[in-house]
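One rule links them: number in the working numbering = place in the sequence shown (from 1) + 23.
Notes follow once the structure below has been shown.
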Amino acid sequence: MVALDVPDSTQALALRDQLGDTVGWFKIGLRLFVAEGPQLVAAIGATHKIFLDLKFHDIPNTVAQAIESAGKLGVNMVNVHAGGGVEMLAAAAKAAAAFPDMLLIAVTVLTSDSMPREQAAAVALERAQMAKSAGLDGVVCSVHEAAAIKHACGSHFITVTPGIRWGDQDLQDQKRVADPAGAIRGGSDYLVVGRPIIQATDPRAAALEAQSMMHSALCL
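Shown next, in the form of structure tokens:
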């Protein structure tokens, strides 16, 4: 998944066209969605799968209504924040059930969070188990927690991992990171890659490099 962490549709659509079929998914987050809204979701969704990354966190009824609206947009994946509690998660799952082609996942701990790794791992595992019990399809977690979550929640429970970096790339605001091969070996199902691709001199080449590392891990 390539994170379209850009300010407007002009840049987003340019990246979509430049990357083409080298990627199957694009992530649209708060900045871009607030700026461009459902119209951009439709434009990107015409050619690629969409992960709508808005991290809904509110009272159960409000989140359920937001999930319904996301489903009507036709997105393929949407997330909530597990910090909202089990009742909110269950309400979200109930709303998402009306859209069987849309995956519902929960954010466990942000990869920018500075809490000690052991504490982050414990919180992530607890929230993943809560998300599974509420009927969600998976979680967003760092690669360092993916294997334990898979072990506790089952191989079919999806792990989506941001914080992907390789080479000498700047970590910037990310604290818990891994390269693409390490993420695959660590149990990640979907990798979210933003700046290493979209800020590259040649985004298409960077995407292909990431794919090559992923494939090398799968072939071991």
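Ideal placement from N, C-alpha and C gives every residue a C-beta, glycine not left out.
In this text, all values refer to a predicted model and were calculated from it rather than measured experimentally.
Exercise for the section: Would you mind reading off the limits of the alpha helix (DSSP H) that contains T33? Expected result: 32-42
Practice task
For D160, I'd like the list of residues in its chain whose CB is within less than 7 angstroms of its CB, leaving aside the five on either flank, ordered along the chain.
Solution key: L126, L127, I128, I181
Practice task
Give a yes or no on whether the C-beta atoms belonging to T184 and A169 are separated by under 8 angstroms.
Solution key: yes
Practice task
For T224, I'd like the list of residues in its chain whose CB is within less than 7 angstroms of its CB, leaving aside the five on either flank, ordered along the chain.
Solution key: none
Handout entry: Sufficient close CB pairs (3 or more, under 8 angstroms) joining the segment 129-139 to the segment 150-165
Key = yes
Practice task
Can you grab the Cα-Cα spacing for the pair L63 / S137, in whole Å?
Solution key: 33 angstroms
Handout entry: Endpoints, beta strand (DSSP E) assigned at N84
Key = That residue, N84, is in no beta strand (DSSP E); its alpha helix (DSSP H) goes 83-96.
Problem - Three CB pairs or more closer than 8 angstroms across the segment 103-122 and the segment 29-40 - result: no
Problem - Backbone CA spacing between N99 and I207 [nearest angstrom] - result: 21 angstroms
Practice task
Determine the direct distance from the alpha carbon of R39 to that of D196, and round the result to whole angstroms.
Solution key: Because D196 carries a pLDDT of 49, less than 50, the predicted location of this residue cannot be relied on, and the following value inherits that uncertainty. Each residue's Cα considered, the two are about 25 angstroms apart.
Handout entry: Counted within 10 angstroms of its Cβ, other Cβ atoms place N84 as buried (16 or more) or exposed
Key = exposed
Exercise for the section: Would you list the residues sitting across from H104 in a DSSP beta bridge? Expected result: V130
Problem - Alpha-carbon spacing of T66 relative to K72, whole angstroms - result: The amino acid occupying residue 66 in the given sequence is Ala; Thr does not appear at that position. Near 11 angstroms, if we compare the C-alpha coordinates of K72 and A66.
Practice task
Compute the distance between the beta-carbons of G52 and D28, then report whether it is under 8 angstroms.
Solution key: yes
Practice task
Name the residue from A201, K173, C176 whose alpha carbon lies nearest to the alpha carbon of G186.
Solution key: A201
Exercise for the section: Under the assumption that V146 contacts A115 (Cβ atoms under 8 angstroms), give the Cβ distance between them as a whole number of angstroms. Expected result: At roughly 19 angstroms, the Cβ-Cβ gap does not stay under 8 angstroms, so V146 and A115 are not in contact.
Handout entry: Cα-Cα separation, S235 to A204
Key = 9 angstroms
Exercise for the section: Look up V216 in the DSSP assignment and give the residues it is bridged to. Expected result: V25
Practice task
Figure out for me which residue from A26, V57, R54, F56 has the closest Cα to the Cα of L42.
Solution key: A26
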